[in-house]
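Asks: Below: one structure in structure tokens.
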Amino acid sequence: MELLKTKIQTDGQVLNDSLLKVDSFLNHQLDPQLMFKMGQEFAKRFQGEAITKVVTIEASGIAVAVMTGLALNVPVVFARKKKSVVTTDDLYCTRVYSFTKKESNDIIVDRRFLHASDKVLIIDDFLANGEAALGLANIVHQAGASVTGIGIVIEKSFQPGAGKLKQAGYRVESLAKIASFSNGKVNFL
Ligand code: 5GP
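Using my numbering, read the sequence shown as starting at 9 and increasing by one per residue.
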């Protein structure tokens, strides 16, 4: 998606050889027009797949997932990283290793929001080692539902995640694919 690539080139900061900072439009401050257009793009790519639910993980996946749900006219569920006082115990749960925090955490989804009949589109902001997406897929499968596809905003194709997801049989659609970072610059595939 050219608009996203331009935004990454102009506003993204390469922090090291594997980490990109895009907190001015995706991970902290949000660009609503861009989020809206990315939601439409995911909806276009998965049109005709009879998706019934979009599933993401808090926090950075939520904005683009909501826009995708809006475009597909289906509900959006986000996996939580922490239980709250109002969370029930009737949960799907799996452990996910965080690429940015370098620690493992349980992620949870209330059983009321996923059903065996659901055809799920998983959405996330970044794809690195695939841990977050595989964790979400695990939760979808615990519900007996199916994963129709995985939509990623920024895929770092030089890391193993995309290969792992495809090997596991998932259709992966990424809006920007990064081949490498060099001298502070982003090189797209
Ligand atoms: P994975 O689970 O695929 O290893 O990593 C994906 C998750 O780690 C995403 O949900 C995202 O929050 C975070 N992440 C991975 N790579 C980057 C990156 O280069 N920049 C930022 N800001 N987050 C990343």
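Virtual Cβ for every residue (Gly too), placed ideally from N, Cα, C. Source: prediction; values computed, not measured.
Where do the N-terminal and C-terminal ends of the beta strand (DSSP E) with residue 161 fall, by residue?
Replies: Within the sequence shown, residue 161 is the residue found at index 153, counting from 1. First-last of the beta strand (DSSP E) with residue 161: 154-164.
Asks: Of all the options 30, 151, 19, 156, which has the alpha carbon lying nearest to the alpha carbon of residue 102?
Replies: Residue numbering aside, residue 102 sits at position 94 when the sequence shown is read from its first letter. That would be 151, whose Cα lies nearest to the Cα of residue 102.
Asks: Comparing alpha-carbon positions, which option in 188, 84, 88 lies nearest residue 129?
Replies: Here residue 129 corresponds to residue number 121 of the sequence shown, with the count starting at 1. For the residues 188, 84, 88, the minimum Cα distance to residue 129 belongs to 84.
Asks: Closer than 6 Å to a non-hydrogen atom of the ligand 5GP - does that hold for the CB of residue 136?
Replies: Residue mapping note: residue 136 aligns to position 128 of the sequence shown, counting from 1. Because some heavy atom of the ligand 5GP lies under 6 Å away, the Cβ of residue 136 counts as near it: yes.
Asks: CA-CA distance, residue 166 and residue 78?
Replies: In the sequence shown, counting from the first residue as 1, residue 166 sits at position 158. In the sequence shown, counting from the first residue as 1, residue 78 sits at position 70. Whole-angstrom Cα-Cα distance: 31 Å.
Asks: Indicate, with yes or no, if the ligand 5GP has a heavy atom lying under 6 Å from the CB of residue 169.
Replies: Stepping through the sequence shown from its first residue, residue 169 is reached at position 161. Under cutoff, so the answer is yes.
Asks: From residue 14 to residue 99, what does the alpha carbon distance come to, in whole angstroms?
Replies: Your numbering for residue 14 matches position 6 in the sequence shown. Your numbering for residue 99 matches position 91 in the sequence shown. When rounded, the distance between both Cα atoms is 40 Å.
Asks: Taking 6 Å as the cut-off, is the C-beta of residue 50 nearer than that to any heavy atom in the ligand 5GP?
Replies: Indexing the sequence shown from 1 puts residue 50 at position 42. No, the Cβ of residue 50 stays beyond 6 Å of every heavy atom of the ligand 5GP.
Asks: In this structure, how does DSSP classify residue 37 when only helix, strand and coil are distinguished?
Replies: Residue numbering aside, residue 37 sits at position 29 when the sequence shown is read from its first letter. Residue 37 falls in the coil class under three-state DSSP.
Asks: Could you tell me if the beta carbon of residue 140 falls within a distance shorter than 6 Å of some heavy atom in the ligand 5GP?
Replies: As a working note, residue 140 is residue 132 in the sequence shown. Yes - the ligand 5GP has a heavy atom lying nearer than 6 Å to the Cβ of residue 140.
Asks: How is the beta strand (DSSP E) around residue 117 delimited, first residue to last?
Replies: Here residue 117 refers to the residue found at position 109 of the sequence shown. 112-118 is the span of the beta strand (DSSP E), which, as asked, contains residue 117.
Asks: On a CA-only basis, which of 97, 96, 95, 115 is nearest residue 104? Give me that one, please.
Replies: One-based indexing of the sequence shown puts residue 104 at position 96. Taking only the C-alpha atoms, the option nearest residue 104 is 115.
Asks: Does the distance between the C-beta of residue 14 and the nearest non-hydrogen atom of the ligand 5GP fall short of 6 Å?
Replies: The count along the sequence shown starts at 1 and reaches residue 14 at position 6. Incorrect: residue 14 has no Cβ contact closer than 6 Å to the ligand 5GP.
Asks: When we look at the beta-carbon of residue 170 and count the other beta-carbons within 10 Å, is it buried (16 or more) or exposed?
Replies: Numbered from 1 along the sequence shown, position 162 holds the residue referred to as residue 170. Residue 170 should be labelled buried.
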